[in-house]
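Visitor:
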Amino acid sequence: MKAVIIGGSVGGLFAGNMLRARGWDVRIFEKVASTLESRGAGIAGHDELGRLMQRAGVAAPTRGIDVDGRVAYDRSGAVVARYAHPQYLTAWSFVYRRLHEAFPADRYHLGKELVGIDRSAERPVALFADGERVAADLIIGADGFRSRVRQEIAPEIQPRYAGYVACRGVMNESLLSSDFRDRIVGLYSFVFPGDGQLIGYPMLGPDESSDPGRRRYSYLWYRHTSEAGLRDLLTDASGTEHQYSIPPPLVRPEHIERLRRDAQARLPAQFAEIVLRAEQHLFQPIYDVCSTRIAVGAVALLGDAAFVARPHVGIGVLKAAQDAGALVDSLEACASQGLSPAQALRAYERERMPAGRSAVAFAQHLGWFIEHGLETPWSEGALGQTPEYLIRVSARPMEHIPDDLARVMIN
Ligand SMILES: Cc1cc2nc3c(=O)[nH]c(=O)nc-3n(C[C@H](O)[C@H](O)[C@H](O)COP(=O)(O)OP(=O)(O)OC[C@H]3O[C@@H](n4cnc5c(N)ncnc54)[C@H](O)[C@@H]3O)c2cc1C
């Protein structure tokens, strides 16, 4: 059986490696012409992610950074909550690199952009910008939040701007003050500065080192930004307005200057330091994607192409891996009963839709106060979001989240 996977990032590689292990003939097509290692930042490690990596034929992360727990700070820099939650942090590039190395290079095609799918025949045919056509028994859209495959099977689903932007920065640990290194680096920090939310955590060094002094530190500052403010941010110096996101070199210097000024004025001093010392600043608008269909015929979506939950839940990579695992399980189960890939995809859709919807809804709940420009999550009593609650439930797999999700279906 032949599978075509669109998108060569973590979701596509999880699916590709798992399908190959089951004897499928798989080719992955990635739009970008170079490998993707430089993307992504630190991510939380989860036991299940390790298990799914093993299932994809690669070693589970052994090189992570252990953090003892989580701490919340208010705008003055005072500690307002602690939560003892030992956890290890790994890096997006660590997961990607392992999966990429395990997949045969001659079946992974860079610089190949899908432009359409012909579904008129029994087997779908992927159409590429260079004119190539590839027929398959199964086409998987692992092509991210602006998925071209989703546009084919569910064009009505579009990313919805969440009302805020994540300003991100990464720096070598050696650039931080000794006070920051001694007291803060080893923890997962949450700051509620009266202007969105900042999180900071250590991440593996560029050489994947977890040794103190050779690691990096990463921060994400989520800031309420109006639609007009977003359009201004996405407009480069030549006046061109970019759709959805802007490459870092094209961000106008005035936005970086404003970020630095605001950091000094609004963040507690110990956290203003990290914004001022970061080597590069990225501005990532936050979007929700909540699909109503993730399979049509022999075409399926997984990972961010299917659902994008705001990063507060910290499970984007895990969810992509879970989708891939569920898809391969459904194909196996149906093949053993003589059923077609299309029938397997219907079972996959039934299984993964609730998980995707729940992740999106819960992440909306966690980001509601930023979306609506509230000073702090506890400014709105009805939300019930104390700092203790937020640091306990953020960045954890969904099974740790309270069952009564209906309570949080705010939107
Ligand atoms: C600010 C921020 C913080 C985050 N933090 C975390 C975290 O802590 N933990 C975590 O687990 N996740 C986190 N995530 C989410 C995580 O990065 C994603 O969920 C994950 O990368 C999704 O993988 P994917 O393979 O589904 O999609 P993507 O990584 O988006 O990959 C899609 C691929 O498809 C390719 N593509 C697109 N269109 C085409 C086409 N037409 N033809 C061919 N190829 C195409 C793209 O070039 C891309 O390489 C965060 C995201 C953001 C924005």
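All residue numbers for the sequence shown refer to the numbering used here, where the first residue is 12 and numbers rise by one. Ideal Cβ placement from N, Cα and C applies to all residues, glycine included.
(1) Any idea if Thr101 is buried or exposed, counting beta-carbon neighbours within 10 angstroms, 16 or more meaning buried?
(2) For ligand 1, is there a heavy atom less than 7 Å away from the beta-carbon of Ile54?
(3) When you compare only the Cα positions, how much space is there between Asn422 and Thr397?
(4) What I want to know is whether the C-beta of Ala89 ends up closer than 7 Å to one or more non-hydrogen atoms of ligand 1.
(5) For ligand 1, is there a heavy atom less than 7 Å away from the beta-carbon of Val69?
(6) Would DSSP call Ser131 helix, strand or coil?
(7) Below 8 Å on the Cβ atoms is my guess for Leu287 versus Ala276; work out the distance and round it to an integer in Å.
(8) Applying the 10 Å Cβ sphere with the 16-neighbour rule, what's the burial state of Pro170?
(9) Evaluate contact between the region 45 to 57 and the region 325 to 333, counting only Cβ atoms and requiring at least three cross-stretch pairs below 8 Å.
(10) Can Arg363 and Ala344 be called in contact, C-beta distance under 8 Å?
(11) Can you list, in chain order, the residues of its chain with a C-beta nearer than 8 Å to that of Pro408? Leave out the 5 residues immediately preceding and following it.
(12) Could you give the DSSP three-state label for Trp232: helix, strand or coil?
(13) Given 8 Å as the limit, is there contact between the region 145 to 159 and the region 294 to 309, that is, 3 or more CB pairs closer than that?
(14) Go through its chain and collect everything with a Cβ distance to Val37's Cβ below 7 Å, but skip five positions before and after it.
(15) For a test of your reading of the model: does the CB of Ser20 fall under 7 Å from any non-hydrogen atom of ligand 1? Yes or no.
(16) Quick one: residues in its chain with C-beta nearer than 7 Å to the C-beta of Gly68, no 5 flanking neighbours on either side, listed in chain order?
(17) Which of the three DSSP states is assigned to Ala417 in this structure?
(18) For Ile39, name the three-state secondary structure that DSSP assigns.
(19) Tell me whether Pro97 sits in a helix, a strand or coil according to DSSP, three-state version.
(20) Would you say Val43 touches ligand 1, meaning its beta carbon is less than 7 Å from a heavy atom?
(21) With a Cβ-Cβ cutoff of 8 Å, do Phe156 and Val319 count as a contact?
(22) Is the beta carbon of Phe139 less than 8 Å from the beta carbon of Glu163?
(23) Going by DSSP in three states, Gly224 sits in which element: helix, strand or coil?
(24) Consult DSSP for Pro217 and reduce its assignment to one of helix, strand or coil.
(25) Should Arg194 go down as buried or exposed, given a rule of 16 or more other Cβ atoms within 10 Å for buried?
(26) Could you have a look at Gly240 and say whether DSSP puts it in helix, strand or coil?
(27) For my contact list, Tyr84 and Val78 are in at a C-beta cut-off of 8 Å; report their separation, rounded to the angstrom.
(28) Cβ of Arg160 within 8 Å of Cβ of Asp154?
(29) Are there 16 or more other CB atoms within 10 angstroms of the CB of Arg50, so buried, or fewer, so exposed?
(30) Could you compute how far the alpha carbon of Leu47 sits from the alpha carbon of Gly18?
(31) What is the DSSP secondary structure of Gln275, counted as helix, strand or coil?
(32) Between the region 247 to 265 and the region 216 to 227, can you find at least three pairs of beta-carbon atoms closer than 8 Å?
(33) I'd like to confirm the pairing. Which residues does DSSP put opposite Arg81 in its beta bridges?
(34) What is the residue span of the beta strand (DSSP E) that Asp315 lies within?
(35) Any chance the CB of Gln291 is under 7 Å from a heavy atom of ligand 1?
(36) At 4 residues or longer, and completely inside the region 303 to 386: list those alpha helix (DSSP H) runs for me, N to C.
Guide: Straight from the coordinates:
(1) Flag for Thr101 reads buried.
(2) Yes, the Cβ of Ile54 comes within 7 Å of a heavy atom of ligand 1.
(3) Any answer about Asn422 is weak, because its pLDDT of 39 lies below 50 and its placement is not dependable; what the coordinates show is given next. Separation of Asn422 and Thr397 (C-alpha to C-alpha, rounded to the nearest whole angstrom) is 20 Å.
(4) No - ligand 1 has no heavy atom lying nearer than 7 Å to the Cβ of Ala89.
(5) Because no heavy atom of ligand 1 lies under 7 Å away, the Cβ of Val69 does not count as near it: no.
(6) Ser131 carries a coil assignment under DSSP once its states are collapsed to helix, strand and coil.
(7) About 12 Å separates the two Cβ atoms, so there is no contact after all.
(8) Per the 10 Å Cβ criterion, buried.
(9) Yes, they touch.
(10) No, Cβ-Cβ distance for Arg363 and Ala344 is not below 8 Å.
(11) Counting only Cβ-Cβ distances below 8 Å, and skipping sequence neighbours, we find His57, Glu59, Ile326 and Leu329.
(12) In this structure, Trp232 counts as strand in the three-state DSSP scheme.
(13) Yes, the region 145 to 159 touches the region 294 to 309.
(14) Excluding the 5 residues flanking it on each side, Val37 has same chain C-beta neighbours closer than 7 Å at Ala14, Ile16, Gly27, Leu30, Arg31 and Arg118, in chain order.
(15) Yes, Cβ of Ser20 sits closer than 7 Å to a heavy atom of ligand 1.
(16) For Gly68, where only same-chain residues beyond five positions count, the Cβ hits under 7 Å are Asn28, Ala32 and Ala113.
(17) Because Ala417 carries a pLDDT of 45, less than 50, the predicted location of this residue cannot be relied on, and the following value inherits that uncertainty. Of the three classes helix, strand and coil, the one that applies to Ala417 here is helix, per DSSP.
(18) Strand at Ile39.
(19) Correct three-state label for Pro97: strand.
(20) Correct: Val43 has its Cβ closer than 7 Å to ligand 1.
(21) Result yes, Cβ atoms of Phe156 and Val319 sit closer than 8 Å.
(22) The answer is no: Cβ separation not under 8 Å.
(23) Coil, per DSSP.
(24) It is coil, neither helix nor strand.
(25) By the 10 Å Cβ count, Arg194 comes out exposed.
(26) Reduced to three states, the DSSP call for Gly240 is helix.
(27) Contact check for Tyr84 and Val78: beta-carbon distance about 16 Å, past the 8 Å limit, so the pair fails to qualify.
(28) Arg is not the amino acid found at residue 160; the sequence shown has Val there. Yes, the Cβ-Cβ distance between Val160 and Asp154 is below 8 Å.
(29) It is exposed - the Cβ of Arg50 has fewer than 16 other Cβ atoms within 10 Å.
(30) Distance between the alpha carbons of Leu47 and Gly18: 11 Å.
(31) Judged by DSSP in its simplified three-state form, Gln275 adopts helix.
(32) Because the criterion of three Cβ pairs below 8 Å is not met, the region 216 to 227 and the region 247 to 265 do not touch.
(33) Arg81 pairs with Tyr94 and Tyr199.
(34) Note, Asp315: premise wrong, no beta strand (DSSP E); not H, not E.
(35) False, no ligand heavy atom lies under 7 Å from that Cβ.
(36) Whole alpha helix (DSSP H) segments, 4+ residues: 327 to 347 and 352 to 382.
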